[in-house]
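Residue numbers (the numbering used here): 748 to 1002.
Below: the structure, in structure tokens.
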């Protein structure tokens, strides 16, 4: 399905809850791939007063995206979001945490979020390696786009899917439906331009890649990341039409 077709999502399509952390943040490639699959995006920004649902009855899944803040910050909305993640876990609905969102998932599950003792960061493209568990699920890209100075520990009961040299825990799964990833498959070229300009001071941090390396790396590594994301979303949430068909079948059986 092309991008134009992905805009024609029916008003009664199943919804994916999208949680963003800045006024101008967008869900990027994850958002338009979900639209391509027939889902409607329910975008909320709790930091700016948006509420979060008490159940997942009205949503097919939820994605918590990243941001420049820390999962360890004391602001009330950070704690509220971390606490809220118990809702999709309780309701056994697909949950995806990206970067900050993955760190919030780790904290909800009793893990920790910390920086490296040498203050090195991952900003740019860095290699990852799938574990045996990860390889059994998907083919993984060799390098992924990162933008973080903290990482998450692996909580009790979580399964490590991918690892890295600087930050060991790059992707995890908890139960059948909850995933946390440290990298950013959602980033578009436009987003990369914006991040490297508006947060250019972070490119000077120890371990960060130069701006030129960000864009050279995208041409080399992003095609594999896009293929991975497409396969991952198939695994994670499937297609909106399939979801509606499944609900319809359950409804018919109930009758």
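Every residue, glycine too, gets a C-beta built ideally from N, C-alpha and C.
Keep in mind the model is a prediction, meaning the values are calculated, not measured.
- Inclusion of residue 900 and residue 859 in the CB contact set at 8 Å is warranted, their separation being smaller than that value.
- Within the same chain, 876, 917 come within 6 Å of residue 910 by CB-CB distance, once the 5 residues on both sides are set aside.
- For residue 940, the enclosing alpha helix (DSSP H) begins and ends at 936-945.
- Per the DSSP secondary-structure output, residue 925 pairs in a beta bridge with 842, 921.
- With fewer than 16 other Cβ atoms from the protein chains shown falling within 10 Å of its own Cβ, residue 959 counts as exposed.
- Counting along the chain, the unbroken beta strand (DSSP E) around residue 906 starts and ends at 905-910.
- Secondary structure at residue 874: strand, using DSSP grouped into helix, strand and coil.
- Contact between the region 806-813 and the region 841-858 is present, with at least three C-beta pairs closer than 8 Å.
- Given a length threshold of 4 residues, each whole run of the alpha helix (DSSP H) inside the region 948-989 is given here in chain order: 958-983.
- Listed as beta-bridge partners of residue 889 by DSSP are no residues whatsoever.
- With a threshold of 16 other beta carbon atoms within 10 Å, residue 951 falls short and is exposed.
- In the DSSP annotation of this structure, the continuous segment of the beta strand (DSSP E) that includes residue 808 starts and ends at 808-811.
- Comparing alpha-carbon positions, the option among 778, 783, 795 lying closest to residue 769 turns out to be 795.
- Burial state of residue 806 is buried, judged by a 10 Å Cβ sphere holding 16 or more other Cβ atoms.
- Residue 852: member of the alpha helix (DSSP H) spanning 847-855, first to last residue.
- Around the beta carbon of residue 922, fewer than 16 other beta carbons sit within 10 angstroms, so the residue counts as exposed.
- Nearest C-alpha to residue 853 among 838, 764, 773, 906: 906.
- Residue 862 and residue 777 have their C-alpha atoms some 26 Å from each other.
- Apart from the 5 residues on each side of it in sequence, residue 984 sits with its Cβ closer than 6 Å to the Cβ of 808, 841 in its chain, given in chain order.
- Nearest Cα to residue 954 within the set 941, 912, 980: 912.
- By the Cβ neighbour-count rule, residue 828 is buried, with 16 or more other Cβ atoms within 10 Å of its own.
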